[in-house]
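One structure is given below, encoded as structure tokens.
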Amino acid sequence: MITTKIRPSFFNNGSEVDFMARYNGDSRLSLRRSKISDEVYEVYTFCYTDKTDCVIHSGSLKQCIGYTNGITDFNDEVAE
165 MITTKIRPSF FNNGSEVDFM ARYNGDSRLS LRRSKISDEV YEVYTFCYTD KTDCVIHSGS
225 LKQCIGYTNG ITDFNDEVAE
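Start counting the sequence shown at 165; every next residue gets the next number (our numbering).
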């Protein structure tokens, strides 16, 4: 299994990580830094049909990576 190391600095310019282009039918599963704080991240889905997003988990980068690993069977980790 390939492990992707995700660095907090990746999100400095508003970048996002897309995990799955098709998640639960017509949605994309992604990760972004929250607008609330640089220490809070959001796992969210973006629905292609109605062009809306829905935050399904938020927390530290490590917590969010753990959450996405649990629902995708990926082996990603946070690079310090």
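The beta carbon of each residue, even a glycine, is placed where N, CA and C say it ideally should be.
Is Phe183 helix, strand or coil when you go by DSSP? strand
Out of Gly234, Thr216, Glu206, Asn233, which one is the CA nearest neighbour of Gly223? Of the candidates Gly234, Thr216, Glu206, Asn233, the residue whose Cα lies closest to the Cα of Gly223 is Glu206.
Considering Cα atoms alone, identify which of Ile170, Met165, Lys199 is closest to Gly178. Selected option, being the one with the closest Cα: Lys199.
Using the three-state DSSP reduction, which class does Phe210 fall into: helix, strand or coil? strand
For Phe175 versus Arg196, is the C-beta distance shorter than 8 Å? yes
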